[in-house]
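Accompanying notes for the structure given below.
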Amino acid sequence: MVERHHNSGRGIWLGLLLLLGCALPAQAQVATPSLDPSLPSLTGATSSWRYGSTLGGESVYGSYQSSGNEVKAKSLQNNYTLAFQTTQLTLEANGTQGGINTLWEGGNDRYYEWQETDSHALLAVRGENRVSVGVSVNKSQTTLADVVRKEKSYGGGLGLRLGEGVYVAGAMEKVSEEVPGFDDKKWTRNLAGIGLRYGWPDGNQFRTEYALVANGGSPQGQVWAEVVPKSQTTLASLEFTLGGWLFSYENTKIVQEPVLTWAQNRVQTWSRYGLGLKSLHYSLIFYRRAGVETQGTAEQQMNHYHLTFGFHFI
Amino acid sequence: MKHLLKSFAPLLAGVLLAGTLQAQVASPSLNLSQPNLTSAVAGWREEISAQASYFEGNGKRRQGGSDVYEFSSTGSSSGLTLPFWILTLEAQAQNRSYKTKINERQEGTLPIDQNDSHVALAISDNPSWFSLGVGSGTAQQNDYQSRLQPKQHSQLSSLDGSLSLKFGDWFYLGNGVRQIRDQTEERVDLFRFERLAGVGMIFGQPGESRLRLEVSRIESPKAFEARDASQAYHRHDHELTDFQEAEVLIQGLLFSGRSMTKTRDEKIANGNSATQMTTETRREGGVIWVPKEGLFLGFAFINEVLDHPNYTDSHSSFQINIGYLF
Numbered sequence: 393m394v395e396r397h398h399n400s401g402r403g404i405w406l407g408l409l410l411l412l413g414c415a416l417p418a419q420a421q422v423a424t425p426s427l428d429p430s431l432p433s434l435t436g437a438t439s440s441w442r443y444g445s446t447l448g449g450e451s452v453y454g455s456y457q458s459s460g461n462e463v464k465a466k467s468l469q470n471n472y473t474l475a476f477q478t479t480q481l482t483l484e485a486n487g488t489q490g491g492i493n494t495l496w497e498g499g500n501d502r503y504y505e506w507q508e509t510d511s512h513a514l515l516a517v518r519g520e521n522r523v524s525v526g527v528s529v530n531k532s533q534t535t536l537a538d539v540v541r542k543e544k545s546y547g548g549g550l551g552l553r554l555g556e557g558v559y560v561a562g563a564m565e566k567v568s569e570e571v572p573g574f575d576d577k578k579w580t581r582n583l584a585g586i587g588l589r590y591g592w593p594d595g596n597q598f599r600t601e602y603a604l605v606a607n608g609g610s611p612q613g614q615v616w617a618e619v620v621p622k623s624q625t626t627l628a629s630l631e632f633t634l635g636g637w638l639f640s641y642e643n644t645k646i647v648q649e650p651v652l653t654w655a656q657n658r659v660q661t662w663s664r665y666g667l668g669l670k671s672l673h674y675s676l677i678f679y680r681r682a683g684v685e686t687q688g689t690a691e692q693q694m695n696h697y698h699l700t701f702g703f704h705f706i
Numbered sequence: 004m005k006h007l008l009k010s011f012a013p014l015l016a017g018v019l020l021a022g023t024l025q026a027q028v029a030s031p032s033l034n035l036s037q038p039n040l041t042s043a044v045a046g047w048r049e050e051i052s053a054q055a056s057y058f059e060g061n062g063k064r065r066q067g068g069s070d071v072y073e074f075s076s077t078g079s080s081s082g083l084t085l086p087f088w089i090l091t092l093e094a095q096a097q098n099r100s101y102k103t104k105i106n107e108r109q110e111g112t113l114p115i116d117q118n119d120s121h122v123a124l125a126i127s128d129n130p131s132w133f134s135l136g137v138g139s140g141t142a143q144q145n146d147y148q149s150r151l152q153p154k155q156h157s158q159l160s161s162l163d164g165s166l167s168l169k170f171g172d173w174f175y176l177g178n179g180v181r182q183i184r185d186q187t188e189e190r191v192d193l194f195r196f197e198r199l200a201g202v203g204m205i206f207g208q209p210g211e212s213r214l215r216l217e218v219s220r221i222e223s224p225k226a227f228e229a230r231d232a233s234q235a236y237h238r239h240d241h242e243l244t245d246f247q248e249a250e251v252l253i254q255g256l257l258f259s260g261r262s263m264t265k266t267r268d269e270k271i272a273n274g275n276s277a278t279q280m281t282t283e284t285r286r287e288g289g290v291i292w293v294p295k296e297g298l299f300l301g302f303a304f305i306n307e308v309l310d311h312p313n314y315t316d317s318h319s320s321f322q323i324n325i326g327y328l329f
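These protein sequence lines are chains A and B, in that order. Residue 484 in our numbering is what sits at position 92 of the first sequence, and the numbering runs on without skipping anything. Residue 269 in our numbering is what sits at position 266 of the second sequence, and the numbering runs on without skipping anything.
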């Protein structure tokens, strides 16, 4: 069961919300977009390499169980991805509206329920089919107990296609955070990726990518109000389509550094497997994403089930 | 000290208000979305282009060891470059507005909003070795001074003339002069002028990889207009603004870095003629896709710092540039 705590200090809620500041979309691409067009791009420059326009959605159901007290929790999220592409220009909007989310805190082995609304707007230009320049504006609001945390980031990125199917990309985002009653904070998020992609959407395709996301934080502090999140995320994915079917694998590792002097690293490791139908004009893909999170000696098991669906216009 | 600063508040107007950093005095930027600082430089443009930008940022004022204000700012600009025959017309407009999050007023002026516009007309021969330009512009600004004077309006109207010379297809010399009418509420109008000079180099031919370097300077001498029967005196302290620019164009991708340092000799009017320097610095780095024709898009990260004897304003912003090259 998800426990609700309303009598603790706001600093605790802030601390938990700060952990969410490290969160990325569950499935994200930096150098090249996924072969599943219903999944979001993480930078504007990535979005440029899409094939055509997309109207996509995603539902995510999650279950969690800690190994300590064996407490359980559930989550349910709905995401959207809209992409519009002309010869040179790509516009993409993706985000999350509402839903139930859970956050595990290993120190006391408890789950907390929180709410999230976020939106991402991406704009990119593709030059001569070998250069992509993109910008992005991201806004999110997370609420835990009586604390509302607003995060806003804007940034730009650059993507290059080398040869037939080698892609490299880099982006930088300036992130700012507002929590009523606390000082505003600012930090930088850097993203880099390299990928291979071959084939066309009307045939068989192959894609693999390795990406890094560094969410810069401030020096360590004694209380949550003094610090900002700091994390490193590595993403590795392998996808291919064969005869109208899409096969997908992705590994994600997120390390959240202990910005509090007395806290411990939080490490999440995820493996995602996907299988589904993928044609030129529609897709229906099912993913299972299993993960383990450790915090010191505490541990929780996570299972996510994703269903993406979309209509595509090339 | 407070009342002294207040009396000089109009002199502080204009701090941290620059949107797009204009630094082109001698040679044209390889970035077509970049407006020029002197009208003559517009004469080197050969392409018709329309451009717009959006910028957003935040910052804070640090005073006496603590943060007293937090700013957030948004703005946009638009421009059009229209070369025809031996003439080039360039028009640009820009606006920027600020919000101050902490309503804890202490010392110094706070910007509220700004609106700029400028029209330039340049004439150059063909093949070109010189460009002669004239222009006119206005810069309107509202500032917060105090609770009693929450909004003070000021306006700079300018007329400028400039000349840019090209030697050997790569070396540029620029020179110009700008006459400014400085209007501020409750003060007499002040007429003053500024001198501009710069040296630029562009290596490489259009369509190839290129490198552009430029250094330039604006000198704004001190000026004073005595009070009349109804309005207070108006004084402008000596200012020196230095620019450095570097641009590298590789395969259509333009990487650029610009910096600006402005120093102002600011006298505290207490009869002792104490002189204090105020320094404003601005650093900008960005990238933009520059096609042979069609849509161009880019972005820039900008950091600005105003180091005043009594406080320090720092501001960082992000700018999106988009346009079309016909």
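Note that beta-carbon positions come from the ideal geometry of N, C-alpha and C, so glycine has one too. Quantities reported herein were computed from a predicted structural model and do not represent experimental measurements.
DSSP places A:T438 within a helical segment (H, G or I) once states are collapsed to three. By the beta-carbon neighbour count (other beta carbons within 10 angstroms, threshold 16), B:L151 is exposed. In chain order, R442, S445, T446 and E484 place their CB closer than 6 Å to the CB of A:A475, counting only its own chain and leaving out the 5 sequence neighbours on each side. Contact between the stretch 143-160 of chain B and the stretch 62-82 of chain B is absent, with fewer than three C-beta pairs closer than 8 Å. Around the C-beta of A:P572, fewer than 16 other C-beta atoms lie within 10 Å, and the residue is accordingly described as exposed. When the beta-carbon positions are compared, A:E601 and A:S640 stay at least 8 Å from each other.
For A:T488 and A:S511, the gap between their C-alpha atoms comes out near 6 Å.
Exposure of B:G210 is indicated by the presence of fewer than 16 other C-beta atoms within 10 angstroms of its C-beta. With a cutoff of 8 Å on beta-carbon distance, B:S320 and B:R285 are scored as not near each other.
What A:G547 touches in chain B, judged by beta-carbon distance under 9 Å, is F302, F304 and F321, going in chain order. The three-state secondary structure of B:S42, taken from DSSP, is helix. When C-beta atoms of the stretch 518-538 of chain A are compared with those of the stretch 679-699 of chain A, fewer than three pairs fall below 8 Å, so the two segments do not count as touching. By the Cβ test, the stretch 306-316 of chain B is not in contact with the stretch 37-54 of chain B, since fewer than three Cβ pairs between them sit closer than 8 Å. Within the stretch 112-145 of chain B, no residue places its CB atom closer than 8 Å to a CB of chain A. Chain B has no Cβ within less than 8 Å of the Cβ of A:D510. Of B:F170, B:E73, B:N178 and B:A55, the smallest CA-CA separation from A:K577 is found for B:E73. Distance from the Cα of B:L85 is smallest, within the candidate group B:G78, B:V122 and B:S79, for B:V122.
With contacts defined as CB atoms closer than 8 Å, A:T633 and A:N607 fail to qualify as a contacting pair. Here A:F705 is actually not in contact with A:L676; their C-beta atoms are around 16 Å apart, not less than 8 Å.
Contact note: A:V605 does not reach chain B at a C-beta cutoff of 7 Å; the least C-beta distance is about 18 Å. Taking 9 Å as the cut-off between beta carbons, the residues of the stretch 576-587 of chain A near chain B are D576 and K578, in sequence order. Taking C-alpha positions only, A:L583 is separated from B:S52 by approximately 32 Å. Straight through space, the alpha carbons of A:N471 and A:G449 are spaced by roughly 6 Å. Rounded to whole angstroms, the gap between the alpha carbons of B:M204 and B:N178 is 15 Å. In terms of Cα proximity to B:P224, the closest of B:T266, B:N61 and B:S75 is B:T266. A:W637 sits in a strand when the DSSP states are folded into three classes. With a cutoff of 8 Å on beta-carbon distance, A:H696 and A:V452 are scored as near each other. Rounded to the nearest angstrom, the Cβ distance from B:N98 to B:S79 is 6 Å, consistent with a contact under 8 Å. A contact is defined here as three or more CB-CB pairs under 8 Å, and the stretch 533-546 of chain A fails this definition with respect to the stretch 279-294 of chain B.
For A:V527, the uninterrupted beta strand (DSSP E) run begins and ends at V523 to L536, by DSSP. Among the residues of the stretch 55-77 of chain B, those with a Cβ less than 8 Å away from any Cβ of chain A are E59, N61, D70 and E73, in the order of the chain. In the assembly as shown, B:M280 is an exposed residue. Its beta-carbon has fewer than 16 other beta-carbons within 10 Å.
Between A:G436 and A:S528, the gap from beta carbon to beta carbon is short of 8 Å. Excluding sequence positions up to five before and after A:H673, its CB lies within less than 6 Å of the CB of H704, all in the same chain and listed in chain order. By the 16-neighbour rule on beta-carbons within 10 angstroms, B:R198 is exposed.
Interface criterion not met: the Cβ of B:F329 is under 8 Å from no Cβ in chain A.
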